[in-house]
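Engineer: Got a structure here, written out as C-alpha coordinates. Questions coming.
Residue numbers (our numbering): 9 to 87.
In C-alpha coordinates, the structure reads:
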(Lines of atoms letter the chains of each structure in order from A and count residues from 1; the text may use other names and numbers.)
(Lines give C-alpha, C1' and ligand atoms only; values in the text may rest on other atoms or scores of the structure.)
Protein backbone atom coordinates (compact mmCIF):
# COMPACT_ATOMS: atom_id res chain seq x y z
CA UNK A 1 0.00 0.00 0.00
CA UNK A 2 1.27 3.41 -0.86
CA UNK A 3 -0.04 6.90 -0.32
CA UNK A 4 -2.41 8.09 -3.01
CA UNK A 5 -3.21 4.57 -4.18
CA UNK A 6 -6.84 4.21 -5.28
CA UNK A 7 -8.53 0.84 -4.88
CA UNK A 8 -11.82 0.33 -6.71
CA UNK A 9 -14.60 -1.79 -5.29
CA UNK A 10 -18.17 -2.63 -6.26
CA UNK A 11 -19.91 0.71 -5.71
CA UNK A 12 -17.00 3.07 -5.38
CA UNK A 13 -13.37 3.31 -4.39
CA UNK A 14 -11.11 4.17 -1.53
CA UNK A 15 -7.89 6.11 -1.52
CA UNK A 16 -5.04 5.88 0.97
CA UNK A 17 -4.64 9.45 2.22
CA UNK A 18 -2.14 8.88 5.06
CA UNK A 19 -0.49 6.20 7.15
CA UNK A 20 -0.19 7.13 10.83
CA UNK A 21 1.10 4.77 13.51
CA UNK A 22 0.40 1.74 11.34
CA UNK A 23 -3.17 2.82 10.58
CA UNK A 24 -4.57 3.92 7.25
CA UNK A 25 -6.51 7.14 6.78
CA UNK A 26 -8.74 6.42 3.81
CA UNK A 27 -11.25 8.41 1.79
CA UNK A 28 -14.16 6.23 0.76
CA UNK A 29 -16.21 7.29 -2.25
CA UNK A 30 -19.60 5.78 -2.88
CA UNK A 31 -20.73 6.18 -6.50
CA UNK A 32 -24.33 5.15 -5.84
CA UNK A 33 -24.96 7.75 -3.15
CA UNK A 34 -22.40 10.23 -4.47
CA UNK A 35 -20.84 10.60 -1.01
CA UNK A 36 -17.35 10.72 0.46
CA UNK A 37 -16.22 9.96 3.98
CA UNK A 38 -12.96 9.51 5.81
CA UNK A 39 -12.13 6.59 8.06
CA UNK A 40 -9.16 5.37 10.04
CA UNK A 41 -8.51 1.66 9.49
CA UNK A 42 -6.16 -0.77 11.10
CA UNK A 43 -4.51 -3.19 8.68
CA UNK A 44 -6.94 -5.89 9.88
CA UNK A 45 -9.99 -3.72 9.17
CA UNK A 46 -8.67 -2.90 5.72
CA UNK A 47 -8.00 -6.58 4.98
CA UNK A 48 -11.50 -7.51 6.15
CA UNK A 49 -13.06 -4.81 3.92
CA UNK A 50 -11.03 -6.07 0.95
CA UNK A 51 -12.08 -9.70 1.62
CA UNK A 52 -15.76 -8.68 1.76
CA UNK A 53 -15.46 -6.72 -1.48
CA UNK A 54 -13.64 -9.61 -3.22
CA UNK A 55 -16.36 -12.00 -2.03
CA UNK A 56 -19.06 -9.70 -3.38
CA UNK A 57 -17.21 -9.33 -6.70
CA UNK A 58 -16.96 -13.13 -6.99
CA UNK A 59 -20.70 -13.52 -6.30
CA UNK A 60 -21.53 -10.88 -8.91
CA UNK A 61 -19.28 -12.58 -11.46
CA UNK A 62 -20.91 -15.95 -10.76
CA UNK A 63 -24.37 -14.41 -11.17
CA UNK A 64 -23.32 -12.91 -14.52
CA UNK A 65 -22.02 -16.28 -15.70
CA UNK A 66 -25.27 -18.00 -14.77
CA UNK A 67 -27.30 -15.27 -16.49
CA UNK A 68 -25.23 -15.58 -19.68
CA UNK A 69 -25.65 -19.36 -19.66
CA UNK A 70 -29.38 -18.95 -19.20
CA UNK A 71 -29.56 -16.54 -22.14
CA UNK A 72 -27.57 -18.86 -24.36
CA UNK A 73 -29.85 -21.78 -23.56
CA UNK A 74 -27.11 -23.75 -21.85
CA UNK A 75 -28.48 -26.19 -19.31
CA UNK A 76 -27.16 -28.80 -16.95
CA UNK A 77 -30.28 -30.99 -17.19
CA UNK A 78 -30.22 -34.03 -19.43
CA UNK A 79 -32.91 -34.34 -22.13
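C-beta atoms are modelled at their ideal positions from N, C-alpha and C, and glycine is treated no differently.
Values in this document were obtained by computation on a predicted structure and should not be read as measured data.
1) Between residue 23 and residue 64, what straight-line distance do the alpha-carbon atoms span, to the nearest angstrom?
2) Cutting at 7 Å between CB atoms, please list the residues of its own chain near residue 38, excluding the five before and the five after it.
3) Over what stretch of residues does the beta strand (DSSP E) that includes residue 21 continue unbroken?
4) What separation, rounded to the nearest whole angstrom, lies between the Cα atoms of residue 14 and residue 76?
5) Do you know offhand how far residue 43's Cα is from residue 71's?
Structural biologist: Let me lay it out:
1) 19 Å
2) 19 and 20
3) Where residue 21 is concerned, the enclosing beta strand (DSSP E) starts and stops at 20 to 28.
4) 31 Å
5) 27 Å
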